[in-house]
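Those sequence lines, one after another, are chains A and B. Residues in the first sequence are numbered consecutively from 1, following our numbering. Residues in the second sequence are numbered consecutively from 189, following our numbering.
Protein chains: 2
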Amino acid sequence: MDRKEALERVKPHLTEHRYVHTLGVRDTALKLAEKEDVEKDKVETAAIFHDYAKFRSKEEMRRIIEAENWNEQFITYGDELLHAPAGAYLVEKEVGIKDEEILSAIFWHTTGKVDMSPMEKIIFLADYIEPNRKFPGVEETREEAEKDMDCAIKMALRNTITFLLKKNQPVFPETLFAYNHLTLNTNG
Amino acid sequence: MDRKEALERVKPHLTEHRYVHTLGVRDTALKLAEKEDVEKDKVETAAIFHDYAKFRSKEEMRRIIEAENWNEQFITYGDELLHAPAGAYLVEKEVGIKDEEILSAIFWHTTGKVDMSPMEKIIFLADYIEPNRKFPGVEETREEAEKDMDCAIKMALRNTITFLLKKNQPVFPETLFAYNHLTLNTNG
């Protein structure tokens, strides 16, 4: 599927705001991909479709996660987590993308996980730092992303966990595991 | 063992500062115990001995945790965690306290855990809020402890995790699990 077709396929599923975000993730992901050993066209496809399920009903997304027997924590740890795994499922079933690298990058783009592949890292980080994102700590993470992707991901995970704690919300365990793993295994 | 003998047994193992802290934990634990269905003399013993291993060498404490095949995360997640499980071991072997409720309260007093017993909760919280403790958030936690022990423990866990994140340190997974469990199962 070429870029034009991919954008045409995703656009009806997004709000204007979310479509602009998606273009930002696409551009940022391609920039991050320059330094990594990844197929650029796959990165672009994953970025374009990463929020494909964002506006599906929570009921539909929960049904998918239950039917696939995926980690039930995607359901119990807050509705914001549903669209990533549900998106991976729907992009495969409705759009026909079967590539596991792309689907896995969509699946983990919100929570992160331990030992992410380069493609997973790029989509996770691009989603966090794309130019339309505005929240405390994002500029610092953008700057770090130009120097060291793992350290930037660690900062993003740390900011996310801190944000959830401030709001008295539960923290998806794999997100903490990813932070811990990077903290115990990287410098800076 | 009566109170006097317990204090005499623990004193040589602590600095003056830590002994004063221990007396604060004892007083606070007994106050917290008033509202709970626990044996007060056991609470007092657990409080008096909770930091028994605080000044042992890291090597000795690591050897104990390895030899007992306890969770290796007690070793990899920061030296501050060693003295709680090592203390439970040494209090049994050297002081002869065999009571599992007391030993478990000592074992988990630094990290917390999911589904703590009343005794474990009292020692964990008393250690955090005793009057000599001075750090951001402690006064708020003290006030909450008078109203709702579970909510106060959740605040203590949340503050601890936030503090570790700020310092770029890894977070003992069971500490997050305990926070998540209380967040998903309590109000306030």
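By construction, the Cβ of each residue, glycine as well, lies at the ideal position given by its N, Cα and C atoms.
For the stretch 334-346 of chain B, the beta-carbon criterion of a distance under 7 angstroms to any beta-carbon of chain A is satisfied by Arg346.
When Cβ-Cβ separations below 9 angstroms define contact, Ile161/A makes contact with chain B.
Sixteen is the threshold: since fewer than 16 other Cβ atoms of the shown chains lie within 10 Å of the Cβ of His17/A, the residue is exposed. Contact annotation: the stretch 155-175 of chain A does not touch the stretch 56-68 of chain A, with fewer than three C-beta pairs closer than 8 angstroms. Taking 9 angstroms as the CB threshold, Lys354/B lines the interface with chain A. Rounded to whole angstroms, the separation of the alpha carbons of Ala105/A and Tyr89/A is 12 angstroms. Asp41/A is the residue among Thr15/A, Asp41/A, Met1/A, Asn159/A whose C-alpha sits nearest the C-alpha of Ile122/A.
With contacts defined by Cβ atoms closer than 9 angstroms, Asn347/B and Pro324/B form a contacting pair. Neighbourhood of Val359/B in chain A, by CB distance below 7 angstroms: Leu176, Asn180, in chain order. Contacts with chain B at 9 angstroms (Cβ-Cβ) do not include Tyr128/A. The C-beta of Leu184/A comes closer than 9 angstroms to at least one C-beta of chain B.
In the structure shown, Asn368/B falls within a helical segment according to DSSP collapsed to helix, strand and coil.
Listed in chain order, the positions of the stretch 263-289 of chain B with a beta carbon within less than 9 angstroms of a beta carbon of chain A are Thr264, Tyr265. Counting C-beta atoms within 10 angstroms of its own C-beta, Arg26/A has 16 or more neighbours from the protein chains shown and is therefore classed as buried.
Linking Lys281/B to Glu289/B through their CA atoms gives a straight-line distance of about 16 angstroms. Contact fails between the stretch 192-202 of chain B and the stretch 254-272 of chain B, because fewer than three Cβ pairs, one in each stretch, are under 8 angstroms apart. A Cβ-Cβ separation of about 6 angstroms places Thr374/B in contact with Lys342/B under the 8 angstroms criterion. A straight line joining the alpha-carbon of Ala366/B with that of Glu130/A spans about 34 angstroms. Look at Ala241/B here: in three-state DSSP terms it is coil, with no helix or strand label. A contact is defined here as three or more CB-CB pairs under 8 angstroms, and the stretch 19-34 of chain A meets this definition with respect to the stretch 113-128 of chain A. For Ser305/B, the three-state secondary structure derived from DSSP is coil. Only residues of its own chain outside the window of five on either side were considered, and among them Ile349 have a CB closer than 7 angstroms to the CB of Leu364/B, listed in chain order. Distance from the CA atom of Glu59/A to the CA atom of Ile75/A, rounded to whole angstroms, is 10 angstroms. By the criterion of a C-beta distance shorter than 7 angstroms, Asn320/B is surrounded in its chain by Val208, His209, Gly212, once the five residues flanking it on both sides are discounted. Secondary structure at Arg3/A: helix, using DSSP grouped into helix, strand and coil. Nearest to Glu334/B by alpha-carbon distance, out of Ala274/B, Leu220/B, Ile236/B, is Leu220/B. Separation of the CB atoms of Ala86/A and His109/A is rounded to 12 angstroms, and the pair is thereby denied contact status at 8 angstroms.
Distance check between Leu202/B and each of Lys242/B, Asp225/B, Glu224/B places Lys242/B closest, using alpha-carbon atoms only.
If you compare the alpha carbons of Glu308/B, Val231/B, Tyr265/B, Leu270/B with that of Asp190/B, the shortest gap goes to Val231/B.
Within the model, the alpha-carbon separation for Lys301/B versus Tyr265/B is close to 15 angstroms. When the Cα atoms are used, Pro306/B and Glu143/A turn out to be separated by approximately 47 angstroms.
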